Amino acid sequence: MLKVGIVGGSGYVGGELLRLLLLHPHVEVTMVTSRQSVGEYVFSVHPNLRGLTQLKFVPLELAELKKNCDLVFTATPHGGSVNLVPKLLDAELKVIDMSADFRLKNPDDYEKWYGWKHAHPELLKDAAYGLPELHRQEIKGAHLVACPGCMATATVLALAPVIKADLVEKNRIVVDVKIGSSGAGSKPSIASHHPERFSGVRPYKVIGHRHIAEIEQELNSLTDELVTVSFTPHAVNMVRGILATIHVFPKNLLTSKDVWKTLRGQYEGEPFIRFVKYQKGPYQLPDPKVTMGTNFCDIGFELDPRANRLVLFSALDNMVKGASGQGVQCLNIVTGLDESTGLKSTGFHPM
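Its first residue numbered 15, the sequence shown is counted upward by one per residue in this note's numbering.
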C-alpha cells in the first residue's frame, strides 16, 4: 500500500482528496494536517466521511511526514506550499501540489500574475504540469507534480486539439467561464456569502485573471504562433461545476467532420474525456451538472458558419477533474497504477 499524507486537509480540496483516497484500493491515508483543526476527527470537518475513517487532524511536522508517508499532497492556499515543497522533496517524498505555486515555468510570471517573487525558481523547470492528457510522460517520472487550476483545466482541454492542429486564429480566443461557489474555497467572504451570491450571475476579475498565465503557457507549448486568450469568469448559482464556452475563429472553412477528427485524434482512448454533441434531449452539449462527483471532462462544439465561428464547450466538476480527482489521476500515473484506479464514478442523475 502507498502511504499518503495530506497537508492542508481541512479545506474543500483536502476533503475531496480524502473522499477519493480513503476508497482507493492501493492507498493508505496515514496523516492529515490542519492548523485550525488539530486534534479533531476528520469527519467533524468533512461529515460525508463519517464511518470511513477515524483519522484526526495533526500538526504539520516534517519528521512525521517523512516517517509515515511515501507521497504527500499539499492542499494549501496559493503561496502556502512554495517553501514547504522543497523540504518535502529533500526528505525524499514525492509531492503532488494542488496550489498554483509550481504551475508556471517562468518565475517572472509569478510576479506578474500573483504579485510575489518565487522563492524556489530552480524547481519550476522540473515540476510536471499535472494535466495527464497533455503531460502523461512527464508525470510518470516526476517527483513534483503541479496540478492545474480548475478553469485552466476546462479551457486547455477544450482548446488544445484545435490549437495543435492549427485550425483557428491564435489571437482571437474568447473564453467565458461559469463556476460554482466551491471554486472560491472554504473560507467565506462577502462575495461568497449566501445572500450576496444566491440567484446571481456575477462577472469577476473580468480581465487579467491569473489562470490566463497557465492557459497561455500550455497552449503556446503546442504551436509556434503566439496564443493570446481573452478570459472572463462568472460566479453562478451552483456549488460545484464549471462550464467553459469558448469562441474561436477558423482560419479556413471547417466542417463538423473536421472538428470531430481533430478532437478524436487528440483524445481517443483517454479515460476521462467524453465527447457530448447530440441532436435530441436536454443534454445535447456539455453540462457540468452531469459531471458532478466524477473525474470526467465533457467536451462538445457547434459551428456557426454565418460568423465563421467555432464554439467549444467544456464541462467538469471543479472539485474533481478540476482539482482532487486530477491529483489522484496523477498519483496513479506517478506510481504506475492504472490511471482510473479509485476514480470510476458515474456521478448522479437526476440531481
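From the three backbone atoms N, C-alpha and C, an ideal C-beta is built for every residue, glycine too.
This one's a predicted model, so the numbers in the text were calculated from it and none came from an experiment.
Residue i in three-state terms, based on DSSP
i	result
K294	coil
R278	helix
D331	coil
N185	strand
K126	helix
L138	coil
V325	strand
F212	coil
T349	coil
T360	coil
T242	coil
T305	helix
T368	Since the displayed the chain opens at 15 and closes at 365, residue 368 lies outside it and no answer follows.
D272	helix
G336	helix
A133	coil
G283	coil
G341	helix
Euclidean distance between Cα positions of residue i and residue j
i	j	result
H92	P209	27 angstroms
D223	K126	The question names Asp, but residue 223 in the sequence shown is His. In a straight line, the C-alpha of H223 is about 11 angstroms away from that of K126.
R278	Y143	22 angstroms
K192	G214	12 angstroms
P285	Q343	10 angstroms
K4	G163	Summary: the structure shown does not reach residue 4, with the chain confined to residues 15 through 365, and so no result is reported for it.
N346	C83	16 angstroms
I287	L257	15 angstroms
H40	V72	23 angstroms
V13	V241	No information on residue 13 is available, as it lies outside the stretch 15 to 365 that the chain covers here.
T146	D140	According to the sequence as given, residue 146 is Pro; it is not Thr. P146 and D140: Cα-Cα distance of roughly 16 angstroms.
H207	G155	42 angstroms
V52	I187	46 angstroms
D301	E183	26 angstroms
Q68	L357	22 angstroms
D122	A160	17 angstroms
E152	L137	14 angstroms
L299	H149	27 angstroms
C311	L76	35 angstroms
F245	R320	24 angstroms
N135	M112	The amino acid at residue 135 is misidentified as Asn; the sequence shows Pro. Approximately 17 angstroms between the Cα atoms of the pair.
V348	Q340	12 angstroms
D190	V170	13 angstroms
V334	Y26	10 angstroms
A172	I313	6 angstroms
G295	D272	24 angstroms
I204	G129	23 angstroms
K131	Y124	6 angstroms
L105	K80	Residue 105 is actually Ala in this sequence, not Leu. Distance between the alpha carbons of A105 and K80: 6 angstroms.
G283	E239	28 angstroms
W274	E232	22 angstroms
A174	F289	14 angstroms
A168	E30	18 angstroms
T44	S270	50 angstroms
V176	S24	39 angstroms
L74	H157	20 angstroms
F315	N251	24 angstroms
Per DSSP, cross-strand counterpart(s) of residue i
i	result
Y143	A160
R288	D312
E42	K17
L31	DSSP output for L31 lists no bridge partner at all.
Y55	K70
V191	P247, A258
I110	F87, V159
T355	Its beta-bridge partners do not exist; DSSP assigns none.
D318	R323
P264	V182
P300	BP columns for P300 are empty, so no partner.
P217	H248
T237	DSSP, once it has assigned bridges, lists no residue as partnering T237.
T47	V21, V72
Near the ligand MG: residue i beta-carbon under 7 angstroms from a heavy atom
i	result
Q298	No copy of the ligand MG appears in this structure; indeed no ligand is present at all.
Those runs of the beta strand (DSSP E) which lie wholly inside the stretch 68-105 and span at least 3 residues: Listed in chain order, the complete beta strand (DSSP E) runs (minimum 3 residues) inside the stretch 68-105 are 85-88.
Are the stretch 107-119 and the stretch 228-242 in contact at 8 angstroms, needing three or more beta carbon pairs? By the criterion of at least three beta-carbon pairs nearer than 8 angstroms, the stretch 107-119 is in contact with the stretch 228-242.
Is it true that the stretch 251-269 meets the stretch 323-337, where meeting means three or more beta-carbon pairs spaced less than 8 angstroms apart? The answer is yes - the stretch 323-337 touches the stretch 251-269, with three or more Cβ pairs under 8 angstroms.
Touch test, the stretch 43-60 against the stretch 95-107, Cβ-Cβ under 8 angstroms, three pairs minimum: Two segments are said to touch when three or more pairs of C-beta atoms, one from each, lie closer than 8 angstroms; by this definition the stretch 43-60 does not touch the stretch 95-107.
Kindly confirm or deny that the stretch 17-28 and the stretch 38-52 touch, where touching means at least three C-beta pairs closer than 8 angstroms. In the pairwise beta carbon analysis, the stretch 17-28 is classified as touching the stretch 38-52: at least three pairs are separated by under 8 angstroms.
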